[in-house]
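Undergrad: Dropping a structure here in structure tokens format, bear with me for questions.
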């Protein structure tokens, strides 16, 4: 599904140049649940953003679903993102002015789906995340765990093949965090590829493979027992 | 999708009430003002487009176009229209039109002056879209002494009765009423309340007179060449008028729809607009809209950080940049449409006052005039697009990666652009304050200047020439009254028959050489009644028989024009007028014999006993009522059949300036509203800045900053912008106003005072607007802002 070769990402300001990623080589197959770990500033989120087509690498190749996307424009990336990738963020990132249902429905709107179809799919996703009873609430009326469940519902609503989760439990207490991790595990078992950035060894345990980053380099890759690439 | 945009737009509108209020109020006031102005402009440019075939209707003229305007010479012989209608194949129709200046209507024993009587051909109703409510349009103006009247005239003289078939006595002649006019549209240059058949005049006139006097309108076959028609008409003139025809060197014409706004002439019997004002108001309308749009742009982009997360989510959910642009555009269009609805309400409230000032009868009959509704919608949507485009492009450019992480930072160029917009607002505001001050000063100057004579206690009585034979004894009788200081003849301000203009354009050779000479025909006491100063030589002397036929006075401008260095050089010189020689006996001060706004022409004054249309009287009285009553008594003895009417020169002058005065009041009002809208935006921006800097201010206060320092800190940024605005506005405004003021031969020095006043006002207005927030931030408890963060 994903092949990254010699990925390099530089951030340059007027005075300093920072290397966020340096010669990163990663391959991820469909159905994997990969956790990316490492200290703050090691390049985890940068890698996740490039994998999620939210950003382009400065150098290197990045192949997603058979497309070489490293030189794609924002428009082309947006086209490829649609329906293929779902995002789950640490801070949930729900639109405060939209209801739970409307938030979940959003990716379907941009896919140009008709209202009936949207309703059906969004309700199914909410059902799956046990959030149907809150469909008409606004994000601020929900607990953090509930908000993250809505965010996951939104990530899966379009049947995305890949879900990228950036510290999905970072803003949650351990009970709610566990709940979210179980949901992700279930999704993975149902066939969705998941790439997750996390600080938490506990969360990383849910993954089938853990990639450790340090100073923009991949330092180790551990495969969980019983799994192989 | 669209529903989703609208939904979020509405929720945002309600969520941020203060900013929504500022945006809505600014756009509402901006739209109301500019739409009102556009309505006015639309009305101004709609003149004479009411006639179905207006594009093919022209009024003949025998002069050339001068720059942007035409100078009208509308005098054509009565024989022309009927003949060219037959002979010139390019024409469908030709109509003569002649207006009588002032007629007397006998109503029982009463005699009343009535304006607006015109004589025209029966086919007038074919050419123009004026309708008869009663009577037959084809035949109503065929017979001599047939007359059609307006509803107002009918109501005035035949209240409650059907006027058809009745008789109205005009200037002692009986006219039979053959038609009742339907309401006359206001947007036409024609000004009539009665139309009589042209045939009525035919008794007295020669068709190819050497002194032609009739306006002629032509209607072309569509597709025919106007130039061909003109040259054929010239040919007809030259063939039929013999030697006199040669003075027509060309026949020009102007489209009827241009007459109201673009034709400069001295014909006082028609409505005239001012293209200059139309342009100025159009510019103001656009500037007001621009300022309202800038408010919207600034507030939206300043508060962009609050929407950044939403944009990041939408983009990561698959939205294209284009879709985000559409979303924000539909939001701004929605807001302008809501403002447009509120603006319509506001316009309804403003219309009566606006109409009073402009003298218009504008109405917002949205459902009866779909073009106005379409115009309002169009302007609103365009405003929405204009105001929303920059914010939409700005917001849609956010990178989802950064905004979702909360790493939102407005770029330097965006901040620079926003400041640039605020400076633009200040440039416009300061420019409008300065312009409005200069306009007022100039008008005040013209009004104070007046005619250049002492117009107080100077009254005029219109006559109809009949008093000519009795004028001397009438004057003697008047002068017996100790309340009357002096009596003379002549019409000021209005033109009239006491003027003769000699111009080399007419092929009259003036001697000594001058392009133009105005000659005022009056009596011996003109100079003393008006109180004109005699600079050299002497005034007319009634004892001196020569003065009656051979002497002439000239004004200072004439001396300059003729090229004499000193006033005394003129005395004893000869002036040749129509091959008759006059000797200059005196030089008098310049005065405005005509319009106080236009330049003083070289003028000569001579004594005549012919053509008295106004009697001018200088009063010296404390009991005005008694003097006027005595005037009336004397008048009635001499003119039992003429109405008595007395006009005070001061009132006439005020009336003369009323139009300009009103339009300037309007300009001032719009300038004020523009400032108000700009302040609203400034207030919004200051609110936002104060919110954003809350933490900074808290820290500064904890570190020991005084309240004054904080106020200075917050206000400083805005004051810089005012100063930059002032520096930019000054030369631009100076340039435009200097151009404008050149239109007036007598003008004020623009000077620095107006700029100083405008600069200080802008600074003060900004301080007041911004200080609300700066003082509030400075006085707030620093712990609150730090704790909240």
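Chains as they are written, first to last, in our numbering: chain A, 106 to 334; chain B, 77 to 865. Note that beta-carbon positions come from the ideal geometry of N, C-alpha and C, so glycine has one too. Values in this document were obtained by computation on a predicted structure and should not be read as measured data.
#1: So, is residue 727 of chain B buried or exposed, given that buried needs 16 or more other C-beta atoms within 10 angstroms?
#2: Taking only beta-carbon positions, decide if residue 396 of chain B is within less than 9 Å of chain A.
#3: Could you check whether the Cβ of residue 379 of chain B sits closer than 9 Å to any Cβ belonging to chain A?
#4: Indicate the three-state DSSP secondary structure (helix, strand or coil) for residue 174 of chain A in the structure shown.
#5: Taking any Cβ of chain B, which residues in the segment 131 to 165 of chain A have a Cβ under 7 Å from it, in chain order?
#6: With a cut-off of 8 Å on the beta carbons, I'd call residue 722 of chain B and residue 537 of chain B a contact; round off their distance for me.
#7: How about residue 477 of chain B: is its C-beta nearer than 9 Å to some C-beta of chain A?
#8: Rounding to the nearest angstrom, what Cα-Cα distance links residue 140 of chain B and residue 339 of chain B in this structure?
#9: Assign residue 801 of chain B to one of two classes, buried (16 or more other C-beta atoms within 10 Å of its C-beta) or exposed (fewer than that).
#10: So who's on the other strand from residue 690 of chain B, going by DSSP bridges?
#11: Which class does residue 720 of chain B belong to by DSSP, given the choice of helix, strand or coil?
#12: Would you say residue 471 of chain B faces chain A, with C-beta separation under 9 Å as the test?
#13: Just to confirm before moving on: does the CB-CB distance between residue 305 of chain B and residue 313 of chain B stay below 9 Å?
#14: Assign residue 811 of chain B to one of two classes, buried (16 or more other C-beta atoms within 10 Å of its C-beta) or exposed (fewer than that).
#15: Here's the rule: buried if 16 or more other CB atoms are within 10 angstroms of the residue's CB, otherwise exposed. What is residue 182 of chain A?
#16: Give the single residue among B:222, B:104 and B:814 whose Cα lies nearest to the Cα of residue 827 of chain B.
#17: Which parts of the segment 464 to 489 of chain B are runs of the alpha helix (DSSP H), unbroken and 4 residues or longer, counting only runs that do not cross its ends?
#18: For residue 386 of chain B, which residues in chain A fall below 7 Å Cβ to Cβ?
#19: Could you check the C-alpha separation between residue 130 of chain A and residue 476 of chain B for me, to the nearest Å?
#20: Restricting to Cα atoms, I'd like to know which of B:285, B:431, B:753 and B:463 is closest to residue 406 of chain B.
#21: In the DSSP assignment, the alpha helix (DSSP H) including residue 426 of chain B goes from what residue to what residue?
#22: For residue 206 of chain A and chain B, any beta-carbon pair shorter than 9 Å?
#23: Answer with buried or exposed for residue 691 of chain B, where buried requires no fewer than 16 other C-beta atoms within 10 angstroms of its C-beta.
#24: Going along the segment 83 to 94 of chain B in order, which residues come within less than 8 Å of chain A, judged by CB to CB distance?
#25: Below 8 Å, can you find three or more Cβ-Cβ pairs linking the segment 655 to 669 of chain B to the segment 609 to 616 of chain B?
#26: Residue 329 of chain A CB to nearest chain B CB: under 9 Å?
#27: Check the DSSP bridge columns for residue 255 of chain B and list the partner residues they point to.
#28: For the segment 396 to 411 of chain B, enumerate the residues whose C-beta is nearer than 8 Å to any C-beta of chain A, in chain order.
#29: Contact criterion: CB-CB distance below 9 Å. Does residue 392 of chain B meet it with respect to chain A?
#30: Run through DSSP, which three-state label would residue 331 of chain B get?
#31: List the residues of chain A that residue 480 of chain B touches, going by C-beta distances under 7 Å, in chain order.
#32: Name the chain B residues that come within less than 9 Å of residue 215 of chain A, Cβ to Cβ?
#33: Distance check for residue 85 of chain B and residue 79 of chain B, CA to CA, integer angstroms please.
#34: Which residue from A:125, A:166 and A:135 puts its Cα closest to that of residue 148 of chain A?
#35: Rounded to the nearest angstrom, how far is the Cβ of residue 751 of chain B from that of residue 841 of chain B, given a contact under 8 Å?
#36: Can you give me, in chain order, the residues of the segment 483 to 517 of chain B that have a beta carbon less than 8 Å from any beta carbon in chain C?
TA: According to the data block:
#1: exposed
#2: yes
#3: no
#4: Residue 174 of chain A falls in the coil class under three-state DSSP.
#5: 154, 159 and 160
#6: That pair is a contact at about 6 Å.
#7: yes
#8: In this prediction, residue 140 of chain B has a pLDDT of 39, which is less than 50 and means its spatial position is unreliable; nothing more can be read from the coordinates.
#9: buried
#10: Beta bridge pairing from DSSP links residue 690 of chain B with B:538.
#11: coil
#12: no
#13: no
#14: exposed
#15: buried
#16: B:814
#17: You should have 476 to 480.
#18: 200
#19: In this structure, the CA atom of residue 130 of chain A is about 24 Å from the CA atom of residue 476 of chain B.
#20: The option with the nearest alpha carbon to residue 406 of chain B is B:463.
#21: 397 to 434
#22: no
#23: buried
#24: 83, 84, 87, 88 and 91
#25: yes
#26: No - not a single Cβ of chain B is within 9 Å of the one on residue 329 of chain A.
#27: DSSP, once it has assigned bridges, lists B:224 as partnering residue 255 of chain B.
#28: 396, 397 and 399
#29: yes
#30: strand
#31: The answer, in chain order, is 194 and 198.
#32: Within chain B, the residues 77, 390, 393, 394, 395, 396 and 399 have their CB atoms less than 9 Å from the CB of residue 215 of chain A, given in chain order.
#33: If you draw a straight line from the Cα of residue 79 of chain B to the Cα of residue 85 of chain B, it comes to about 10 Å.
#34: A:125
#35: 7 Å
#36: Annotation note: the requested chain C is absent from the structure, which comprises protein chains A and B.
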